[in-house]
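Asks: Per the working numbering, the sequence shown runs over residues 8 to 210.
Sharing a structure here in structure tokens format.
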Amino acid sequence: MARIALIGASGNVGSRILKELSDRGHQVSAIARSPEKISALPGVTAVAGDVNDRSGLAALLAGHDAVVSATRFLDTPFDVLVEAVRASGVKRFLVVGGAGSLDVAPGQRLVDQPDFPPQYKAEALRGAEFLGFLKTVDDLDWTFLSPSALFVPGERTGKFRLGKDQLLATDKGSSISYEDFAIAMADEIESPKHLRQRFTVGY
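In structure tokens form, the structure reads like this:
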């Protein structure tokens, strides 16, 4: 059992990660701007927090074994967030990443392809910027987990593949459910295999 701080615990992805961690018996501080939206689950404590408040967030994170960020990139000042994690004394920092920074061919990112949906481009570029920033961080054991291109609600199957920087795809496309993504994230928390790396999950 670990003590985990989950930022953005009320969102689409965060709520699935929260349930997965609760089901596995972890103690989770579920941090959100509106803690009343946090699901009541075993081992979960809902906490009000703001990623823009470095000192306040650092105080909330202190004493945990790991910090997970499941916030939107455009809503996240990632330098402030990383400083808050540093100030908290927690070394393990995991980020719900984006698919846009994954390669579809050598040197060609998904976000730069002509058919990339324009409504998601700003968020994807911000996610790629966050990953680039993390690659300069050498005093935290960070991990950036990118989903596949289609990232949607679905089933918890436990059947998926892991990769590194290349977009995972089949003849049916590139996809992963929030529920299976949550399994991959919880597995990485419990048994770290991608310290100071990005990896990806897909069918």
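Beta carbons: idealized from backbone N, C-alpha and C, even for Gly.
Report yes if the C-beta of Ala77 is less than 7 Å from at least one heavy atom of the ligand ATP; otherwise report no.
Replies: By its list of ligands, the structure shown contains no ligand whatsoever, and the ligand ATP lies outside what it can speak to.
Asks: Under DSSP, the beta strand (DSSP E) around Asp194 begins and ends at which residues?
Replies: Here Asp194 belongs to no beta strand (DSSP E); instead the alpha helix (DSSP H) covers 185-197.
Asks: Given a threshold of 16 other Cβ atoms within 10 Å of its Cβ, counted over all protein chains shown, does Ala112 qualify as buried or as exposed?
Replies: exposed
Asks: Rounded C-beta distance between Ser29 and Val51? I'm assuming under 8 Å.
Replies: 5 Å
Asks: Should the region 82-90 be called in touch with the region 135-151, which here means at least 3 C-beta pairs below 8 Å?
Replies: Result yes; three or more Cβ-Cβ pairs closer than 8 Å.
Asks: Is the CB-CB distance between Ala65 and Arg99 below 8 Å?
Replies: no
Asks: Quick check: is the beta carbon of Glu43 nearer than 8 Å to any beta carbon in chain D?
Replies: Among the chains of the structure shown, chain D does not appear; only one protein chain is present.
Asks: Round the Cβ separation of Gly107 and Phe167 to the nearest angstrom and send it over; I've been treating them as touching at under 8 Å.
Replies: Rounded, the Cβ-Cβ distance is 19 Å, inconsistent with contact.
Asks: Looking at the structure shown, is Asp82 part of a helix, part of a strand, or coil, going by DSSP?
Replies: Asp82: helix per DSSP, three-state reduction.
Asks: List, from N- to C-terminal side, the alpha helix (DSSP H) runs of 4 residues or more that fit wholly inside the region 66-152.
Replies: 85-95, 128-141
Asks: Closer than 6 Å by C-beta to Gln34: which residues in its own chain qualify, once you throw out the five before and the five after it? Chain order, please.
Replies: Arg10, Gly50
Asks: Bridge partners of Leu157, per DSSP?
Replies: Looking at the DSSP assignment, Leu157 forms a beta bridge with Ser182.
Asks: Less than 8 Å between the C-beta atoms of Phe188 and Val20, yes or no?
Replies: yes
Asks: Let's see if you can read the secondary structure: which residues bound the alpha helix (DSSP H) around Arg23?
Replies: 19-30
Asks: Nearest to Glu130 by CA position, among Ala37, Leu13, Asp82, is which residue?
Replies: Ranking the options by Cα distance to Glu130, first place goes to Asp82.
Asks: Given 8 Å as the limit, is there contact between the region 199-209 and the region 145-159, that is, 3 or more CB pairs closer than that?
Replies: yes
Asks: Taking Glu186 as the reference, give the member of Pro199, Lys179, Ser155 with the closest Cα.
Replies: Ser155
Asks: Look at the alpha carbon of Thr177 and the alpha carbon of Met8, and state the distance between them as a whole number of angstroms.
Replies: 35 Å
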